[in-house]
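Asker: Going by my numbering, the letters in the sequence shown line up with residues 1382 to 1488, in that order.
From the three backbone atoms N, C-alpha and C, an ideal C-beta is built for every residue, glycine too.
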Amino acid sequence: MSKVETNVILREGEQAPTAERLLTSIGMRELVRVEKTRTSYRHPDTPGVTVSIDTVGGVGTFVETEVNRATAAGAAELVEDIEKRLGIVGHPTVALPYRDLVLGQRA
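(1) Relative to the C-alpha of V1432, which candidate in V1413, R1466 and G1408 has its C-alpha closest?
(2) Compare the Cα-Cα distances from G1394 to each of T1387, E1416, I1407 and L1412 and report the closest residue.
(3) Can you tell me which of the three DSSP states D1426 falls into?
(4) Could you tell me which of P1428, A1397 and R1450 sits nearest to R1345, measuring between CA atoms?
(5) Grab me the residues of A1456's own chain with a C-beta within less than 7 Å of its C-beta, minus the 5 sequence neighbours each way, in chain order.
(6) Taking T1446 and I1463 to be in contact with their CB atoms under 8 Å, please state how far apart those CB atoms are, rounded to whole angstroms.
(7) As a quick exercise: from G1471, Y1422, G1468 and L1484, pick the residue whose alpha carbon is nearest that of G1438.
(8) Short check: CB of T1418 to CB of T1436, under 8 Å?
(9) If L1391 and A1400 are in contact, beta carbons under 8 Å, what's the gap, nearest whole angstrom?
(10) In this structure, does DSSP put V1432 in helix, strand or coil?
(11) Can you give me the start and stop residues for the alpha helix (DSSP H) that T1405 sits inside?
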């Protein structure tokens, strides 16, 4: 599964208050705050592959495998191979965004 994301890098949190004011000024309101720590790994002999371990406060720890390949089939095959080598095949795939997982913990 893949999805399109819009990511903006904020300098060490200095710009977070400005970003929050911008969102508020266009009518957005805070729904939930997700506290996440991410550690990413890359293998020097396998370009275009990143494996990240995310620890999401109040929810748990997740492994995300990202690959950049010319075709979806090639990407899926590579993800499967990497996850087999990591020993994480058979674990459930989480399709919900962290936002929804955190919201679910509040219920």
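Answerer: Taking the structure as given:
(1) The sequence position of residue 1432 within the sequence shown is 51, counting from 1. Of the listed residues, the one whose Cα sits closest to V1432 is R1466.
(2) Counting from one through the sequence shown, the residue named residue 1394 turns up at place 13. Closest by alpha carbon: E1416.
(3) Against the sequence shown, residue 1426 aligns to sequence position 45. Of the three classes helix, strand and coil, the one that applies to D1426 here is coil, per DSSP.
(4) Residue 1345 is absent from the structure shown; the chain starts at 1382 and stops at 1488.
(5) Stepping through the sequence shown from its first residue, residue 1456 is reached at position 75. So the list reads V1448 and R1450, once near-sequence residues are dropped.
(6) Counting from 1 along the sequence shown, the entry for residue 1446 is found at position 65. Counting from 1 along the sequence shown, the entry for residue 1463 is found at position 82. 5 Å between Cβ atoms; contact.
(7) In the sequence shown, residue 1438 corresponds to position 57, counting from 1. Per the Cα distances, L1484.
(8) Here the question's residue 1418 lines up with position 37 in the sequence shown. Here the question's residue 1436 lines up with position 55 in the sequence shown. Contact: yes.
(9) One-based indexing of the sequence shown puts residue 1391 at position 10. One-based indexing of the sequence shown puts residue 1400 at position 19. About 6 Å; that satisfies the 8 Å criterion.
(10) Here residue 1432 is taken as the residue at index 51 of the sequence shown, counted from 1. Looking at V1432 - three-state DSSP - the assignment turns out to be strand.
(11) Locating residue 1405 in the sequence shown gives position 24, counting from the first residue. T1405 -> alpha helix (DSSP H) spans A1397 to S1406.
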